[in-house]
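> Sharing a structure here in structure tokens format.
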Amino acid sequence: MTSITSVELNFLVFRYLQESGFTHSAFALGYEAGINKSTIDGNLVPPGALITFVQKGLQYLEMEANLSNSDADLDEDFSLINPLDLITKDLYQLRQMIKEKRKNLQKDRDKDKERESYQKKDKELEKDHEGERARVKEKERQEREKEFEKDRERVEKNKEQEKQHEDHNDRDMVTDQEEKINVKHEENGASGEPMDIPTTYVEIPSSDVTILEGHTSEVCACAWSPAGSLLASGSGDSTARIWTIAEGSSRLSQNGSSNVLVLKHVKGRTNEKSKDVTTLHWNGEGTLLATGSYDGQARIWTTNGELRSTLSKHKGPIFSLKWNKKGDYLLTGSCDKTAIVWDVKAEESKQQFEFHSGPTLDVDWRNNSSFAMSSTDNMIYVCKIGETRPIKTFTGHQGEVNCVKWDPTGSLLASCSDDISAKIWSMKQEKYVHDLREHSKEIYTIRWSPTGPGTNNANQQLVLASASFDSTVKLWDVELGKLLYSLNGHRDPVYSVAFSPNGEFLASGSLDKSMHIWSLKEGKIVKTYTGNGGIFEVCWNKEGDKIAACFANNTVCVLDFRM
């Protein structure tokens, strides 16, 4: 008899977690079970393999329990057993259950026969009464006709009176409608109630779209260089790529393959899972690109595609990495539960921060020397280079903290979690400042608007955007901790949001394969684009006239944006 090995079972569970969107759990299992060292070719394992495997096993047990039964006359309605019974009960108990079920089934059938016999008698009685009922119906019809005639006479009489009042009624109706409209404007305006957004929009024409092809696996990260026309993308195919995009139209700057640099994270075969590029970030000048990989290494590349440094110390996949503003330190967060600050010039670890009890999911600089880190352990720590303990600890989330982001001034920290809440924290107090609870499922990411103090758009209001598995994006008034808008245009989880540099528009990308661009002034979708795969990340260039989106179908799309 064929048996399944623990390695094969681990691989099936790993694939199930990936397919179900449990990214962090899949990373953790993959790392601990050494999936990357497995000899199994993932391409030969069909989607939904674990579910199929379990269902087949349940069906087999069910068949065995039925066929082994001593009753020669197998029930044609194949007795269905609860899957939990199949797992928890032995064969003898299952047979007894089926026997009992068949007895009950036979009783039900006998009852049905009895019922049919009564129904036959009832039908005969019904026939006898049909003649009587027909006479009664005819009488009722005649009565109704008489009533109708009387009503018609009354209507004719009143018609003249109604005509006289017609003009007066019209005037009343117009006044009433005006009052209703005014009330609605007051409700939506003054009271600051959240509004559901109408989905009237314009599809971006294909002439304004450039599809960048070359990756051989899903593209999970993308980022524009702050210096100009370079776009970086990172993929599960063990490469990052730097694309040169011409200014103005989205056409590529040159024809052929010379417009893209391929940054290989592995020599030879490129389907090695341990080399997946999970995250990337440009330094402030746009001269260096940092990439984080599933193999636990951070790499720094020049704009010419040359590998400048390989930073090795983490013992697990890197989930997030960020340059500080000055560009002398790189911060990485890993599945090994730690964060490391790297001295870029010296190409070595400056300090490792080991405070979390679970994988580190996100890191974000507050200033050039202090940062926040979050984890699957529900905790947030604020750390400083040179300090051996966190300078602040934020507790309050009841689930994995997926994302942490400092506001433009570094005074407020926003976080979002699997506990369906986003929270805003201040260094001046222990407890959260605001607890934002309007989503109905896990919140995957958050972004601050580039508006308010410390930005180029200082006269505009600072807002926070949150994107959730409940298919919505929500915009929050940070000062009051209130919902401003609920942007309801997607049909599947929203993985990414990005504000335009002027703070007037928001792009959102979802697993429903569509990217929407929302006008924050009007609170509605103004443009949309639908690709051929789920969208993992969206980002704007510094001019605000191009948006990049990376897709699960191995492509990156660049969209020209004009209003």
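Sequence positions in the sequence shown follow the UniProt record's numbering and run 1 to 563.
For each residue, glycine too, the CB sits at the ideal point set by N, CA and C.
Leaving out five residues on either side along the sequence, give the residues of the same chain with a beta carbon under 7 Å from the beta carbon of residue 284.
Excluding positions up to five away in sequence, the list reads 226, 323, 325 and 327.
> Is it buried or exposed for residue 429, if we count other Cβ within 10 angstroms and need 16 for buried?
Exposed, because fewer than 16 other Cβ atoms sit within 10 Å of the Cβ of residue 429.
> Determine, using beta carbons only, whether residue 498 and residue 464 come nearer to each other than 8 Å.
Their beta carbons are not under 8 Å apart, which means residue 498 does not touch residue 464 by this criterion.
> With distances taken between CB atoms, is the gap from residue 443 to residue 481 smaller than 8 Å?
No, they are not a contact pair.
> Does the distance from the C-beta atom of residue 275 to that of residue 294 stay below 8 Å?
Contact: yes.
> Output needed for residue 199: all residues of its chain with C-beta closer than 7 Å, excluding positions within five of it in sequence on either side, in chain order.
Only weak support exists for where residue 199 lies, its pLDDT of 48 falling under 50; the value from the coordinates is given anyway. Here the set comprises 489 and 525.
> Helix, strand or coil, according to DSSP, for residue 24 in the structure here?
Of the three classes helix, strand and coil, the one that applies to residue 24 here is helix, per DSSP.
> Helix, strand or coil for residue 333, going by three-state DSSP, please let me know.
Three-state DSSP puts residue 333 in a strand.
> On the three-state DSSP scale, how would you describe residue 14?
DSSP places residue 14 in helix when its eight states are reduced to three.
> Which residues does DSSP pair with residue 509 in a beta bridge?
Looking at the DSSP assignment, residue 509 forms a beta bridge with 496 and 515.
> In angstroms with no decimal places, state the Cα-to-Cα distance between residue 338 and residue 319.
Residue 338 and residue 319: Cα-Cα distance of roughly 11 Å.
> Tell me whether residue 233 is buried or exposed, calling it buried when 16 or more other Cβ atoms sit within 10 Å of its Cβ.
Looking at its Cβ environment, which holds 16 or more other Cβ atoms inside 10 Å, residue 233 is buried.
> Using CA coordinates, which residue listed in 380, 470 and 330 is at the minimum distance from residue 354?
Checked all of 380, 470 and 330; the closest Cα to residue 354 is 380.
> Determine the direct distance from the alpha carbon of residue 349 to that of residue 263, and round the result to whole angstroms.
Rounded to whole angstroms, residue 263 to residue 349 spans 23 Å at the Cα level.
> Residue 98 by DSSP, collapsed to three states: which one?
DSSP places residue 98 in helix when its eight states are reduced to three.
> For residue 536 and residue 519, I'd like the C-alpha separation in whole angstroms.
Rounded to whole angstroms, residue 536 to residue 519 spans 21 Å at the Cα level.
> Using three-state DSSP, classify residue 245 as helix, strand or coil.
It is a strand residue.
> Tell me whether residue 563 is buried or exposed, calling it buried when 16 or more other Cβ atoms sit within 10 Å of its Cβ.
Result: exposed.
> Within its chain, find whatever has a CB closer than 6 Å to the CB of residue 131; leave out the 5 residues flanking it on each side and keep chain order.
Any reading at residue 131 must be qualified, since the residue scores a pLDDT of 45, below 50, and its modelled position is unreliable; no value is offered.
> Which residue from 59, 12 and 277 puts its Cα closest to that of residue 40?
Ranking the options by Cα distance to residue 40, first place goes to 12.
> Would you mind listing the beta strand (DSSP E) stretches within the segment 390-416 that are 3+ residues and don't spill past its ends, in chain order?
Runs of the beta strand (DSSP E) inside the segment 390-416: 392-394 and 401-406.
> Find the nearest neighbour of residue 543 within the set 49, 531 and 503, judged by alpha-carbon distance.
The residue with the shortest Cα to Cα distance from residue 543 is 503.
> Could you please give the first and the last residue of the uninterrupted beta strand (DSSP E) stretch that includes residue 477?
Unbroken beta strand (DSSP E) run through residue 477: 473-477.
> Please classify residue 400 as buried or exposed, where buried requires at least 16 other C-beta atoms within 10 Å of its C-beta.
Answer is buried; the Cβ neighbour count reaches 16.
> Whole angstroms is fine: what's the gap from residue 260's alpha carbon to residue 532's?
Approximately 22 Å between the Cα atoms of the pair.
> List the residues that DSSP assigns as beta-bridge partners of residue 527.
According to DSSP, residue 527 bridges with 202 and 517.
> Grouping DSSP H, G and I as helix and E and B as strand, with all else coil, what is residue 344?
Reduced to three states, the DSSP call for residue 344 is coil.
> In terms of alpha-carbon separation, which member of 244, 229 and 311 lies closest to residue 265?
Comparing Cα-Cα distances from residue 265 to each of 244, 229 and 311, the minimum goes to 311.
> Would you kindly work out how many angstroms separate the C-alpha atoms of residue 329 and residue 59, rounded to a whole number?
Cα to Cα, residue 329 sits roughly 57 Å from residue 59.
> Are the CB atoms of residue 411 and residue 426 within a distance shorter than 8 Å?
It is a contact, given that the beta carbons lie within the stated cut-off.
> Mapping the DSSP letters down to three states, classify residue 303 as helix, strand or coil.
DSSP places residue 303 in coil when its eight states are reduced to three.
> Which residue's Cα is closest to the Cα of residue 242: 471, 44, 210 and 302?
Among 471, 44, 210 and 302, the Cα nearest to that of residue 242 is on 302.
> Among residues of its own chain, excluding the 5 on either side of residue 288, which ones have a beta-carbon nearer than 6 Å to its beta-carbon?
Here the set comprises 300.
> Between 4, 470 and 390, which has its C-alpha nearest residue 495's C-alpha?
Among 4, 470 and 390, the Cα nearest to that of residue 495 is on 470.
> Does the distance from the C-beta atom of residue 402 to that of residue 418 stay below 8 Å?
Yes, Cβ-Cβ distance for residue 402 and residue 418 is below 8 Å.
> Which residues share a DSSP beta bridge with residue 227?
Beta-bridge pairing links residue 227 to no other residue.
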